[in-house]
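Using this note's numbering, the first residue of the sequence shown is number 1070, and each one after it goes up by one.
Each residue gets a CB set at the ideal place from its N, CA and C atoms; glycine is no exception.
Quantities reported herein were computed from a predicted structural model and do not represent experimental measurements.
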Amino acid sequence: MFQPDTDSTNRTSALSATELFKIKDVRIGDYTMKAWFVAPYPEEYTQQPQLYICEFCFKYMASDYIAGRHKLKCAMKHPPGDEIYREGAISIFEVDGRKNKATDDVPYHNQMYCQNLCLIAKMFLDHKTLYYDVEPFLFYIMTEVDEDGCHFVGYFSKEKCSAMNYNVSCILTLPCYQRKGYGQYLIDFSYLLTKREGKTGTPERPLSDLGLLSYRSYWRSVLFRELRKVDEATSVEELSARTSLTPDDIIACLQLNDMLFKDKITGRYQIDIHDQTLEEHAKKMAQKNYIQIVPEKLTWTPFVLSKERLASITGEATHQVK
Ligand code: ACO
Ligand code: ZN
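What follows is the structure in structure tokens.
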């Protein structure tokens, strides 16, 4: 299992003794993981050595006994919201952070589910602070399906309306599922949504260390794949239209991989394709044999906000004063 990097260990050691006391193991479904960072769970849940979380509804509990009893009666076997993607054992749900009414079918409020999810994310992410104000976000929950239900693997959140073109606000793969390609899968899925919206997108900054590594790896793979299909005359704009990556992210990635230079006379960027690098990379990726998104399996239409809802989220008035 992945342990916190040196950077996060340093951050942990800088915490006060009381805060250190709150760092504990967390059990979600069949997996027990070390919490990397402090999450603001209520005091009474932070006094035992382990926190228990229901893998379906994300209810948090203080003891094995309570978690066992909850498991017997928990009615949720999949996330609330709409299943918008299913391919093989992978199923992805879209959950609106806005408060909804619990029904017989889904006896749970989306809002509470999303708040509890943000608390889980906080245990593995140091610099994000969203826990309670989940209404402006949509949550995309990736699960692995078997006869027991849809097991939570990871998620990303996305602003319903992003002035900065962000297509991901927060992304997480549970540590027990990390380094298996699920992060790339989630990132690819976020760009698939952006493509369907007819836009380009980029993740919210700042990225964590692991976020930066994962995005750099994803951008390289996607751009190298496209560069194998096109000729040298391609442009950053064309690559952006094909991939939904922003021109800035494309430029940064190509520069990092020595495949872009600026013509000193014209000032224009020129792409310099290294065929051998592309082939070697393609071979390496094929060996990894990571699961791939099948775009045709997405059944989704972009989220549209009503004027009133948009105003309530952004805090602007809907009616003009005459
Ligand atoms: N060490 C070195 N490289 C890594 C590591 C690591 N620990 N983790 C990911 N990478 C790089 C590698 O190149 C890796 O490919 P490889 O395993 O084939 O070499 C690539 O990123 C992608 O790995 P995945 O298996 O697809 O990604 P994973 O499922 O592990 O999820 C994620 C990546 C989501 C960033 C995960 O590490 C995580 O949840 N971290 C904690 C939360 C976090 O930091 N989220 C990002 C915050 S930024 C934001 O939210 C916009
Ligand atoms: Zn439950």
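Same chain only: Cβ atoms within 7 Å of residue 1362, ignoring 5 sequence neighbours per side
Here residue 1362 refers to the residue found at position 293 when the sequence shown is read from its first residue. Once the five neighbours on either side are set aside, the close Cβ partners of residue 1362 are 1254, 1257, 1258, 1261.
Output needed for residue 1204: all residues of its chain with C-beta closer than 6 Å, excluding positions within five of it in sequence on either side, in chain order.
Reading the sequence shown from its first residue, position 135 is the one you call residue 1204. Once the five neighbours on either side are set aside, the close Cβ partners of residue 1204 are 1166, 1167.
If you measure from the CB of residue 1220, is any heavy atom of the ligand ZN nearer than 7 Å?
In the sequence shown, residue 1220 corresponds to position 151, counting from 1. It does not: the Cβ of residue 1220 is nowhere closer than 7 Å to a heavy atom of the ligand ZN.
Any idea what DSSP makes of residue 1245, helix, strand or coil?
The count along the sequence shown starts at 1 and reaches residue 1245 at position 176. Residue state, collapsed to three classes: helix.
Would you say the beta carbon of residue 1239 is closer than 7 Å to some non-hydrogen atom of the ligand ACO?
One-based indexing of the sequence shown puts residue 1239 at position 170. Yes; taking the cut-off as 7 Å, the Cβ of residue 1239 has a heavy atom of the ligand ACO nearer than that.
Option in 1308, 1285, 1340 with minimal Cα separation from residue 1295
Your numbering for residue 1295 matches position 226 in the sequence shown. Comparing Cα-Cα distances from residue 1295 to each of 1308, 1285, 1340, the minimum goes to 1308.
Closer than 7 Å: residue 1246 CB and nearest the ligand ACO heavy atom:
Stepping through the sequence shown from its first residue, residue 1246 is reached at position 177. Indeed, a heavy atom of the ligand ACO lies less than 7 Å from the Cβ.
Beta-carbon proximity check, residue 1246 vs residue 1214, cutoff 8 Å:
Indexing the sequence shown from 1 puts residue 1246 at position 177. Indexing the sequence shown from 1 puts residue 1214 at position 145. It is not a contact, given that the beta carbons lie outside the stated cut-off.
Residues near residue 1220 in its chain [Cβ-Cβ closer than 7 Å; skip 5 each side]
For the purposes of this step, residue 1220 is taken as residue 151 along the sequence shown, with counting starting at 1. Cβ within range, chain order: 1098, 1124, 1212, 1213.
Taking 8 Å as the cut-off, decide whether the C-beta atoms of residue 1131 and residue 1113 are in contact.
As a first step, residue 1131 is located in the sequence shown; it is residue number 62 there, counting from the start. As a first step, residue 1113 is located in the sequence shown; it is residue number 44 there, counting from the start. Yes; because the gap between Cβ atoms is below 8 Å, this pair is in contact.
If we ignore side chains and look at the alpha-carbon of each, how far apart do residue 1345 and residue 1298 end up?
For the purposes of this step, residue 1345 is taken as residue 276 along the sequence shown, with counting starting at 1. For the purposes of this step, residue 1298 is taken as residue 229 along the sequence shown, with counting starting at 1. The straight-line gap from Cα to Cα measures roughly 14 Å.
For the beta strand (DSSP E) that residue 1103 lies in, which residues bound it at each end?
Along the sequence shown, one-based indexing puts residue 1103 at 34. Note, residue 1103: beta strand (DSSP E), 1100-1103.
Can you grab the Cα-Cα spacing for the pair residue 1188 / residue 1242, in whole Å?
If you number the sequence shown from 1, residue 1188 lands on position 119. If you number the sequence shown from 1, residue 1242 lands on position 173. The straight-line gap from Cα to Cα measures roughly 14 Å.
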